[in-house]
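Protein sequences, first through last, are from chains A and B.
At position 74 of the first sequence the residue is numbered 74 (the UniProt record's numbering), and the sequence of numbers has no breaks.
At position 191 of the second sequence the residue is numbered 191 (the UniProt record's numbering), and the sequence of numbers has no breaks.
2 protein chains.
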Amino acid sequence: MEKAILVKSEELRDYCQRAFVKFGFDNEDAKTITDVLMAADMYGIDTHGSQRLEMYRQHINKGFVKVGNKPSVAHETGISAVVDGNQAMGQVVSKYAMDLAIEKAKKSGVGMVTVRNSNHYGIAGYYSQLASKEGLIGISATNSFRVVVPTFGKKPMMGTNPIAISIPAEPTEFFFDIATSVVACGKVEVRNKKGINLPVGWGINEEGKDEVNPQHLFDNIMNREGGLYPVGGSSQLFGSHKGFGFSLLVEFLTGVLSDGTTSNHTEEDGMMGICHYFMAIDPNLFGDPKKITKKWSTYLQEVRDSEKAYGQERIYTHGEKEKETYQERIKSGIPILPKTIEEMKSLAKELNMEFGINI
Amino acid sequence: MEKAILVKSEELRDYCQRAFVKFGFDNEDAKTITDVLMAADMYGIDTHGSQRLEMYRQHINKGFVKVGNKPSVAHETGISAVVDGNQAMGQVVSKYAMDLAIEKAKKSGVGMVTVRNSNHYGIAGYYSQLASKEGLIGISATNSFRVVVPTFGKKPMMGTNPIAISIPAEPTEFFFDIATSVVACGKVEVRNKKGINLPVGWGINEEGKDEVNPQHLFDNIMNREGGLYPVGGSSQLFGSHKGFGFSLLVEFLTGVLSDGTTSNHTEEDGMMGICHYFMAIDPNLFGDPKKITKKWSTYLQEVRDSEKAYGQERIYTHGEKEKETYQERIKSGIPILPKTIEEMKSLAKELNMEFGINI
């Protein structure tokens with residue numbers, strides 16, 4: 001793999017903002033989309049940051065994303081809503097839906113919002129964090145293109161179906177953002193670029209057998225034939241049915257509860273059809289929020305301080321790595337692969353705007 | 001391992017009911033406890049059925065369980081509550097708490113109830129199913145004795161921390177009931193009895209190294225030194241941090257939100273201190289429940305009908321195995337190990353009652 005180039009975060013942010021305005025989004029929507037991408041880049045979730053610009057470009061050009069469309073409420077109660085994304089950009093839809101969940105939680109203690117007819121929404125954790133920044137417990141989940149197989153199946157019937165949960169804590173918020181597949185697609189791509197075989201247990205090929213060749217599995221994923229295993233791998237020996245169950249749960253919360261699309265029916269009829277789920281909970285429902293945060297923070301510290309496994313020096317709780325990467329990248333910049341830089345230059349040309357990033 | 005003996009379910013139910021009455025529980029509490037144990041036995045979750053009588057006997061005799069105590073509400077809103085278990089039997093506390101969550105969900109759309117100062121509550125899925133039997137979505141989780149290590153840790157800081165989710169579906173309800181550890185403790189015990197080594201990735205010993213000897217790991221678990229890995233195993237390669245995160249989430253929902261005890265502080269001060277979380281959601285919050293159930297059932301059927309991996313003949317969705325085992329055991333009886341039969345005979349003697357099971 002070629003060496004990444006360090007780019008200043010303000011310059012990258014400015015580039016993204018300008019690009020999305022050029023695509024036709026208003027300033028506010030462009031800011032929302034940029035914010036989500038930048039959060040991924042700043043947290044070190046590089047697969048979901050600005051390197052995804054090329055994917056979004058394709059989704060916009062193919063008409064999956066309808067630029068300028070806005071989400072609307074299809075069904076609503078004091079503590080819940082179903083939002084129709086109206087094929088708007090996933091980030092725009094999702095910010096709207098989570099804000100609605102937060103508003104309900106502040107008023108009624110809890111807000112649960114499901115979303116249909118949306119698009120790829122970036123990192124799940126961006127939205128759960130919108131809630132935790134307000135002192136609430138935040139949950140975010142989404143289905144996606146079909147790339148994950150059921151336990152004992154070979155046809156992808158679920159998406160990577162991430163679940164993110166953010167809970168206020170000191171000194172570092174609990175920030176849990178995971179795919180319910182054994183790994184994210186990006187991990188296979190990285191191994192492919194490096195030319196390293198995959199371990200048995202990441203994915204299955206079109207013949208229904210374990211696949212260790214990264215190019216082959218990547219093609220499987222792209223062709224929606226074979227795909228990734230759920231967390232727990234291929235068999236019940238390590239809990240494949242557990243990851244499978246969490247993945248089905250995400251399909252229920254997103255595609256089913258929104259009267260939308262399950263992952264096996266995405267990319268049909270010229271629509272992406274991705275669905276989301278957002279939830280915000282006010283800790284006041286259970287007592288004094290300060291006391292709850294203190295107890296939670298104490299427990300997480302006890303976990304971090306507990307005895308280490310042989311050869312290990314540190315136990316990370318969820319959110320620590322992201323926080324440290326953020327602090328590092330504010331200082332040193334964001335590493336962007338040369339290939340992504342080229343894509344960004346080409347996009348600037350297509351959009352008839354300055355590249356504007358010093359490299 | 002010795003061959004199990006088939007026992008008629010009515011006889012086993014009658015035995016349990018009589019035993020718990022002899023322990024001093026009133027008829028209603030004895031029925032609740034018996035119901036939970038029988039559900040496990042009928043569903044084939046044998047580790048959590050009547051073979052646990054010996055453990056409950058010990059917990060009662062040690063004073064962890066206060067026979068006759070009843071749970072009480074410590075904090076309450078229209079959609080939430082914190083229940084104090086007052087060291088009553090876990091099943092009694094949990095039936096009470098889930099019933100409260102169901103009542104709130106029927107009235108206000110959702111009910112979230114956390115519980116502190118309780119005891120071992122049996123299978124998590126019994127309680128989530130109380131909700132789904134009423135057409136609601138049910139969630140149940142509990143922390144437990146400390147037996148699971150953090151990713152990169154060797155000291156058990158979490159319990160096996162099961163999560164159960166029940167969602168109405170045709171022809172078979174979605175019934176998801178899993179430990180967030182890679183396997184349940186019972187699986188190590190079974191391998192030990194059979195004399196088969198464990199696969200690398202189930203557990204870690206007191207030196208912080210992978211342990212494959214089942215007796216050694218079982219001792220580690222009993223001594224709370226070393227223990228089981230989270231789902232995903234020992235490293236991030238297969239997603240250990242994912243299981244770890246779900247396990248921490250359970251600690252938050254149970255021990256923290258109830259102002260109770262996290263698993264690393266259970267079994268202190270003569271108390272078990274186990275904490276639970278229960279939630280019920282009315283699908284009416286999101287639209288027509290019949291339409292939701294139909295869409296969910298269709299999707300689950302599509303998953304079951306999808307192409308199989310090489311050498312596999314069937315994809316099970318969660319709840320099918322339990323349903324089939326139930327139907328089988330109604331007809332043929334419940335297999336009980338000779339060792340358990342002996343314990344039950346001895347317990348009958350201790351309680352000065354008839355054994356009353358034909359074997």
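Even for Gly, the Cβ is constructed at its ideal location relative to N, Cα and C.
Which one of B:190, B:13, B:126 and B:232 has the shortest CA to CA distance from residue 213 of chain B? The shortest Cα separation from residue 213 of chain B among B:190, B:13, B:126 and B:232 belongs to B:190.
Can you confirm whether residue 178 of chain A, when its beta carbon is compared against all beta carbons of chain B, has any partner nearer than 7 Å? For residue 178 of chain A, the answer is yes, since a Cβ of chain B falls inside 7 Å of its Cβ.
Looking at the structure shown, is residue 151 of chain A part of a helix, part of a strand, or coil, going by DSSP? Three-state result, residue 151 of chain A: coil.
At a CB distance below 7 Å, what residues from the segment 24-48 of chain A approach chain B? Give them in sequence order. Listed by position along the chain: nothing, the set is empty.
Distance, residue 299 of chain A Cα to residue 57 of chain B Cα: So the two alpha carbons sit approximately 31 Å from each other.
If residue 123 of chain A and residue 36 of chain A are in contact, beta carbons under 8 Å, what's the gap, nearest whole angstrom? About 7 Å; that satisfies the 8 Å criterion.
Would you mind reading off the limits of the alpha helix (DSSP H) that contains residue 188 of chain B? Residue 188 of chain B -> alpha helix (DSSP H) spans 185-194.
Would you call the segment 286-303 of chain A and the segment 178-192 of chain A touching, i.e. three or more CB-CB distances under 8 Å? Segment contact: the segment 286-303 of chain A against the segment 178-192 of chain A, fewer than three CB-CB distances shorter than 8 Å; contact not assigned.
Can you look up residue 132 of chain A in the DSSP assignment and give me helix, strand or coil? Here residue 132 of chain A sits in helix by DSSP.
Report the residues of the segment 63-83 of chain A with a CB closer than 9 Å to any CB of chain B, ordered along the chain. Cβ contacts with chain B: 74, 75, 77, 78, 79, 80, 81 and 82.
Enclosing alpha helix (DSSP H) for residue 59 of chain B [first to last residue]: Unbroken alpha helix (DSSP H) run through residue 59 of chain B: 53-61.
For the segment 305-333 of chain A, which residues have a CB atom closer than 9 Å to at least one CB atom of chain B, in sequence order? 306, 307, 308, 309, 310, 311, 312, 313, 314, 315, 316, 317 and 318: these are the residues of the segment 305-333 of chain A whose beta carbon lies less than 9 Å from some beta carbon of chain B, given in chain order.
How close, in whole Å, do the beta carbons of residue 266 of chain B and residue 274 of chain B come, if the pair is a contact with beta carbons under 8 Å? Between residue 266 of chain B and residue 274 of chain B the beta-carbon gap is near 6 Å, inside 8 Å, which marks them as a contact.
Does DSSP classify residue 310 of chain B as helix, strand or coil? Per DSSP, reduced to three states, the secondary structure at residue 310 of chain B is coil, with no helix or strand assignment.
Candidates A:327, A:276 and A:330, of which the one nearest residue 83 of chain A by Cα: Selected option, being the one with the closest Cα: A:276.
Extent of the continuous alpha helix (DSSP H) to which residue 198 of chain A belongs: Per DSSP, residue 198 of chain A belongs to no alpha helix (DSSP H) and is neither H nor E.
Please tell me whether, using a cut-off of 6 Å, the distance from the CB of residue 242 of chain B to the nearest non-hydrogen atom of the ligand SAH is below it. With respect to the ligand SAH, the structure offers nothing, as it holds no ligand at all.
Candidates B:59, B:114, B:7 and B:111: which alpha carbon is nearest residue 88 of chain B's? The shortest C-alpha separation from residue 88 of chain B is found at B:59.
Length at least 4, wholly inside the segment 278-357 of chain B: the alpha helix (DSSP H) runs in chain order: Counting whole runs of 4 or more residues, the segment 278-357 of chain B contains the alpha helix (DSSP H) stretches 289-305, 320-332 and 338-350.
Taking 7 Å as the cut-off, decide whether the C-beta atoms of residue 91 of chain B and residue 32 of chain B are in contact. For residue 91 of chain B and residue 32 of chain B, yes; Cβs fall inside 7 Å.
From the DSSP secondary-structure annotation, give me the bridge partner or partners of residue 116 of chain A. Residue 116 of chain A pairs with A:84.
Can you tell which of A:51, A:12 and A:95 has its C-alpha closest to the C-alpha of residue 72 of chain A? Nearest C-alpha to residue 72 of chain A: A:95.
Contact list for residue 249 of chain B against chain A, beta-carbon separation under 9 Å: Scanning chain A for C-beta atoms nearer than 9 Å to the C-beta of residue 249 of chain B yields 165, 167, 174 and 176, reported in chain order.
Would you decide whether residue 162 of chain B is buried or exposed? Buried here means 16 or more other CB atoms lie within 10 Å of its CB. Classification for residue 162 of chain B: buried.
Tell me residue 230 of chain B's beta-bridge partners as DSSP assigns them. Beta-bridge pairing links residue 230 of chain B to B:181.
3 or more residues per run - each beta strand (DSSP E) lying fully within the segment 13-78 of chain A: Fully enclosed beta strand (DSSP E) runs of 3 or longer: 72-76.
Extent of the continuous beta strand (DSSP E) to which residue 167 of chain A belongs: Residue 167 of chain A: member of the beta strand (DSSP E) spanning 163-167, first to last residue.
Measure from the alpha carbon of residue 338 of chain A to the alpha carbon of each residue in A:352, A:151, A:51 and A:85, then state which is nearest. Nearest C-alpha to residue 338 of chain A: A:51.
CA-CA distance, residue 198 of chain A and residue 109 of chain A? A direct Cα-Cα distance of roughly 45 Å separates residue 198 of chain A from residue 109 of chain A.
In whole angstroms, give me the CA-to-CA distance for residue 150 of chain B and residue 336 of chain B. Distance between the alpha carbons of residue 150 of chain B and residue 336 of chain B: 34 Å.
For residue 174 of chain B, which residues does DSSP report across the bridge? In the DSSP output, where bridge partners are listed per residue, residue 174 of chain B has B:167.
At 9 Å on the CB atoms, spell out the chain A contacts of residue 200 of chain B, in chain order. Residue 200 of chain B does not reach chain A, its nearest Cβ partner there being about 10 Å away, counting only Cβ pairs nearer than 9 Å.
Excluding sequence positions up to five away, which residues of its chain have a Cβ less than 6 Å from the Cβ of residue 170 of chain B? The residues are 297.
Show which residues of chain B have a CB atom less than 7 Å away from the CB atom of residue 242 of chain A. Residues of chain B passing the Cβ test: 178 and 231.
Are the Cβ atoms of residue 251 of chain B and residue 117 of chain B separated by less than 7 Å? Taking a C-beta distance under 7 Å as the contact criterion, residue 251 of chain B and residue 117 of chain B do not qualify as a contact pair.
Should residue 6 of chain A be labelled buried (16 or more other beta-carbon atoms within 10 Å of its own) or exposed? Residue 6 of chain A counts as exposed, since fewer than 16 other C-beta atoms from the protein chains shown sit within 10 angstroms of its C-beta.
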